[in-house]
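Trainee: Before I ask anything, let me first share the structure, which is written out below as structure tokens.
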Amino acid sequence: DSVIGILGGGQLGRMLSVAASRLGYRCHIFEPAANPPAAHVAETVTNAPYDDAAALADFAACVDVITYEFENIPTSALDLLESRRPIRPGREALRVSQDRLTEKTFLNDLGLQTAPFADIPDLASLREALDRIGTPAILKTRRFGYDGKGQVRIDADTDPAAALSELADAPAILEGFVSFSHEISVIAARGLSGDVACFDPGENVHRDGILRTTTVPARLSSAQRTDAILIASRILEAMDYVGVMGVELFVTPRGLVVNEIAPRVHNSGHWTQQGCTVDQFEQHIRAIAGWPLGDGRRHADVVMENLIGHDLDRLPDLARQPDTAIHLYGKAEARPGRKMGHINRVIRPTP
Ligand code: ATP
Ligand code: MG
Ligand code: MG
8 DSVIGILGGG
18 QLGRMLSVAA
28 SRLGYRCHIF
38 EPAANPPAAH
48 VAETVTNAPY
58 DDAAALADFA
68 ACVDVITYEF
78 ENIPTSALDL
88 LESRRPIRPG
98 REALRVSQDR
108 LTEKTFLNDL
118 GLQTAPFADI
128 PDLASLREAL
138 DRIGTPAILK
148 TRRFGYDGKG
158 QVRIDADTDP
168 AAALSELADA
178 PAILEGFVSF
188 SHEISVIAAR
198 GLSGDVACFD
208 PGENVHRDGI
218 LRTTTVPARL
228 SSAQRTDAIL
238 IASRILEAMD
248 YVGVMGVELF
258 VTPRGLVVNE
268 IAPRVHNSGH
278 WTQQGCTVDQ
288 FEQHIRAIAG
298 WPLGDGRRHA
308 DVVMENLIGH
318 DLDRLPDLAR
328 QPDTAIHLYG
338 KAEARPGRKM
348 GHINRVIRPT
358 P
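Residue numbers (full-length UniProt numbering): 8 to 358.
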């Protein structure tokens, strides 16, 4: 196993490549877009669409194991790749997490709390679901949403037909609004031999649907912290999962409610780069390459802040701050809402 294939060349693929190369691996990125962030650090990049069977076959032939930085890989591409090389995390994790309806059903079947939800194939089912679930509620596309895209909030005075047409007839799900005190996430890892290690839960603040900051430690009682880790572990076990996963949770008076899962390294786990001996990227590479999991215990308090769009103008100032580690993704153009980098502010060492 000396070449790691990564589907997706964004910042997550880039930071996975850096971690893999530190462990002595070479990386081969498969990415349809030209000049992706990971291209600057990976050894090889294939620029081809996911329906290019020949390019996929060549890619598979060049690598020993395949992983990915995003969950929306087309099924046909996965079928082709899987017949040639192991894909880690495996197909079950992708099947479940590619669709919010499958995901929430899977979580409920495990006995975990989610927002109340309903499949919305048409306007009649939306009206029916609103009668049952009530408002406020959130109408979301079942697939392809990220950074809060593909979501419409529905209040008592919202016209359901207008809300549905905002999603342009994409298959949708209605979720009841969870009234949470705050949001946390657990970055969890499971190795090839079934060992599980979770990073300390982080507390997440979103703005305009996009993650702004993750702070560790999160505000949690020790019972809540244990609960969060047990929930994440149960999800990993149920999927026979290999790799790192992000589990987003709402903290409510009635316990922890699972928002969504991401079968990959996660933006809310970037703090581990300065907070742990082994960060989420190395942990993921260790897991998929069959190494024992590393030491993910937290040794500092950290605030991770995303640098979005023109936040990058603050760089000269940030570069002068002594406790701040800067991570930039090498993206040429700073557009509003685009993640350009992040900083990890190390608050104080934990004695
Ligand atoms: P990500 O970039 O994390 O993948 P996403 O586009 O998949 O985001 P969600 O995580 O579903 O979107 O929602 C984004 C944010 O919107 C959540 O972190 C939360 O703050 C709020 N939110 C989403 N669903 C609900 C809900 N059912 N009740 C209350 N708040 C919600
Ligand atoms: Mg999501
Ligand atoms: Mg989310």
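Cβ atoms here follow ideal geometry from the backbone N, Cα and C, with glycine treated the same way. Remember, predicted model here, so these are calculated numbers, not experimental data.
Less than 7 Å separating the beta-carbons of V254 and A307?
Mentor: Along the sequence shown, one-based indexing puts residue 254 at 247. Along the sequence shown, one-based indexing puts residue 307 at 300. Contact: no.
Trainee: So, helix, strand or coil for R293, using DSSP?
Mentor: Taking the first residue of the sequence shown as 1, we reach residue 293 at position 286. In this structure, R293 counts as helix in the three-state DSSP scheme.
Trainee: Look at the Cβ atom of Q281, then the Cβ atom of V309, and state whether they are nearer than 7 Å.
Mentor: As a first step, residue 281 is located in the sequence shown; it is residue number 274 there, counting from the start. As a first step, residue 309 is located in the sequence shown; it is residue number 302 there, counting from the start. Yes; because the gap between Cβ atoms is below 7 Å, this pair is in contact.
Trainee: For N313, does the count of other Cβ atoms within 10 angstroms reach 16, so buried, or fall short, so exposed?
Mentor: As a working note, residue 313 is residue 306 in the sequence shown. The residue in question, N313, is buried, as its Cβ has 16 or more Cβ neighbours within 10 Å.
Trainee: Beta carbon of Y153: closer than 6 Å to some heavy atom of ligand 2?
Mentor: Residue 153 sits at position 146 when you count from the first residue of the sequence shown. Y153: yes, Cβ under 6 Å from ligand 2.
Trainee: What is the DSSP secondary structure of Q158, reduced to helix, strand or coil?
Mentor: In the sequence shown, the residue the question calls residue 158 occupies position 151. In this structure, Q158 counts as strand in the three-state DSSP scheme.
Trainee: Apart from the five residues on each side of it in sequence, which residues of its chain come closer than 7 Å, Cβ to Cβ, to A144?
Mentor: Numbered from 1 along the sequence shown, position 137 holds the residue referred to as residue 144. Only L137, I161, L181, E182, G183 and F184 meet the Cβ criterion.
Trainee: Quick check: does the Cβ of E267 come within less than 6 Å of any heavy atom belonging to ligand 2?
Mentor: Within the sequence shown, residue 267 is the residue found at index 260, counting from 1. Yes, ligand 2 has a heavy atom inside 6 Å of this Cβ.
Trainee: With a threshold of 16 other CB atoms inside 10 Å of the CB of I36, please say whether the residue is buried or exposed.
Mentor: Translated into positions along the sequence shown, residue 36 becomes position 29. Classification for I36: buried.
Trainee: Can you give, in chain order, each stretch of the beta strand (DSSP E) that sits fully within the region 257 to 336 and has at least 3 residues?
Mentor: DSSP runs (the beta strand (DSSP E)) wholly in the region 257 to 336: 262 to 269, 307 to 315 and 331 to 335.
Trainee: Indicate, with yes or no, if ligand 1 has a heavy atom lying under 6 Å from the CB of H213.
Mentor: Residue mapping note: residue 213 aligns to position 206 of the sequence shown, counting from 1. Correct: H213 has its Cβ closer than 6 Å to ligand 1.
Trainee: Have a look at the DSSP bridge pairing and note the partners of T34.
Mentor: Here residue 34 refers to the residue found at position 27 of the sequence shown. Position check: residue 34 holds Cys in this sequence, whereas Thr was assumed. Answer is I11, bridged to C34.
Trainee: Is the closest heavy atom of ligand 3 to the C-beta of E210 under 6 Å?
Mentor: Residue 210 sits at position 203 when you count from the first residue of the sequence shown. Not so, every heavy atom of ligand 3 lies at least 6 Å from the Cβ.
Trainee: If you reduce the DSSP assignment to three classes, tell me which class I140 lands in.
Mentor: Here the question's residue 140 lines up with position 133 in the sequence shown. Three-state DSSP puts I140 in a helix.
Trainee: So, helix, strand or coil for V25, using DSSP?
Mentor: Start at 1 with the first residue of the sequence shown, and residue 25 comes out as number 18. Three-state DSSP puts V25 in a helix.
Trainee: Tell me, please, which residues DSSP counts as bridged to G250.
Mentor: Position 243 of the sequence shown, counted from the first residue, corresponds to residue 250. Beta-bridge pairing links G250 to R197.
Trainee: Ends of the alpha helix (DSSP H) at D59?
Mentor: Walking along the sequence shown from the start, residue 59 turns up at place 52. It is not in any alpha helix (DSSP H) - D59 carries neither H nor E in the DSSP assignment.
Trainee: Which one or two residues does DSSP pair with R352 in a beta bridge?
Mentor: Numbered from 1 along the sequence shown, position 345 holds the residue referred to as residue 352. Bridge partners of R352: V310 and T331.
Trainee: Bridge partners for E190 per DSSP, in chain order?
Mentor: Numbered from 1 along the sequence shown, position 183 holds the residue referred to as residue 190. Per DSSP, N211 and F257.
Trainee: May I ask you to verify whether the region 235 to 253 touches the region 155 to 174, counting CB pairs closer than 8 Å and requiring at least 3?
Mentor: Segments in contact, no.
Trainee: Given the structure, does E255 come close to ligand 3, in the sense that its CB is under 6 Å from one of the ligand's heavy atoms?
Mentor: Numbered from its first residue, the sequence shown carries residue 255 at position 248. Checking the Cβ of E255 against ligand 3 gives yes.
Trainee: Decide yes or no for the touch test of the region 13 to 22 against the region 64 to 84: beta carbon pairs closer than 8 Å, at least 3 of them.
Mentor: Flag = yes, the region 13 to 22 and the region 64 to 84 touch.
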